[in-house]
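A short worksheet on the structure shown next.
Numbering (UniProt numbering), first residue to last: 1 to 303.
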């Protein structure tokens, strides 16, 4: 009997200990102890994939749209396009265009296209983008707006609201065809600074009389109040255009504005055409290519 009672007490003790151990284990699990959770241990879980970067710093094809600057106007001869020195798609080894820097010389020859046209305004951008979209480029460069300010008179400059509407329409056209193509938008140059640099050159002023940017360049030596007010109004309009470019581009996750880099660049005599002392020279085109390459390949957009 004593042995039976002893054995019974032993069985109860073992059962009690087992029950307490199970309870303790359950409590430990509930409090986040070392036991595995239903989905497996942290070490066994696969890490969350890193999000794909919004901006690719090494696109493999490029199309350019815009105006005379992108066509290399007056960089090689008077009143003529010279696309081989274009900052965007040119082949000249001294310029080292954006396409050459990004793609290399051989690939740039077959995977970059220039749809810019001398004299183009923002209202022409939509048509250019429609043409450029057929190439399905991974990157599109936009430099346009100078001709909207460069009119026969300051009063005939493109209204800011119209400029905005035309740019928004062009971006919608692009996104309907190419929702993921990246866009680099260059600011409009500071036209007043170009006037101040070129007005000291007699040859440049003679070319200006042919009708180049009359709203800013007419009567270049006139410094009276009316002339100064006219030039200031043109500069103010350019500033407003650049604000539109920044705002519209900023609403598109695949678009980068240059942060005003072109507007802020202090072009001097070496960077201006020696034919008209207003458009970029070959040296100036190279500086534009350098600014663009810096923006396109940066980890983060300019602020």
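The beta-carbon is built from N, C-alpha and C at its ideal position, and this holds for glycine as well. Predicted, not measured: the structure shown is a model, and the values here were computed from it.
The straight-line gap separating the alpha-carbon atoms of residue 77 and residue 153 is approximately 27 Å. Around the C-beta of residue 295, 16 or more other C-beta atoms lie within 10 Å, and the residue is accordingly described as buried. In this structure, residue 245 keeps its C-beta atom at 9 Å or more from the C-beta atom of residue 181. Non-local C-beta neighbours of residue 252 in its own chain, meaning closer than 8 Å and more than five positions away in sequence, comprise 171, 175 and 183, ordered along the chain. In the three-state reduction of the DSSP assignment, residue 171 falls in the helix class, which pools H, G and I. Annotation for residue 128: no beta strand (DSSP E) segment contains it, though the alpha helix (DSSP H) segment containing it runs 125 to 133.
Take the alpha-carbon of residue 110 and the one of residue 141: they are about 17 Å apart.
For the stretch 57 to 101, the continuous beta strand (DSSP E) assignments of 3+ residues that do not extend past its boundaries occur at 62 to 66, in sequence order. Taking C-beta atoms under 8 Å as the contact rule, residue 189 and residue 263 qualify, at a distance of about 6 Å. The criterion of a C-beta distance shorter than 9 Å is not satisfied by residue 93 and residue 114. Assigned with DSSP and collapsed to three states, residue 201 falls in coil, not helix or strand. Rounded to whole angstroms, the gap between the alpha carbons of residue 228 and residue 270 is 26 Å. Take the alpha-carbon of residue 272 and the one of residue 278: they are about 6 Å apart.
CA-CA distance, residue 120 to residue 213, rounds to 13 Å. Taking a 10 Å sphere around the C-beta of residue 67, we find 16 or more other C-beta atoms and assign the residue as buried. For residue 288, no beta strand (DSSP E) encloses it; the enclosing alpha helix (DSSP H) starts and ends at 282 to 296. The beta carbon of residue 158 is closer than 7 Å to those of 121, 122 and 148 in its chain, skipping five residues each way along the sequence. Taking every protein chain shown into account, the CB of residue 280 has 16 or more other CB atoms within 10 angstroms, so this residue is buried.
Across the structure, residue 60 and residue 254 are spaced so that their CA atoms are roughly 15 Å apart. Between the alpha carbons of residue 299 and residue 257 lies a distance of about 14 Å. Between the alpha carbons of residue 268 and residue 196 lies a distance of about 10 Å. A direct Cα-Cα distance of roughly 15 Å separates residue 201 from residue 192. A straight line joining the alpha-carbon of residue 102 with that of residue 128 spans about 22 Å.
Put simply, the backbone Cα of residue 104 is about 11 Å away from that of residue 58.
At a Cβ-Cβ threshold of 9 Å, residue 89 and residue 75 do not count as neighbours.
Scanning 165, 221, 223 and 208 for the CA closest to the CA of residue 247 turns up 165. Within the same chain, Cβ atoms closer than 6 Å to the Cβ of residue 286 are found at 95, the five residues on either side in sequence being excluded.
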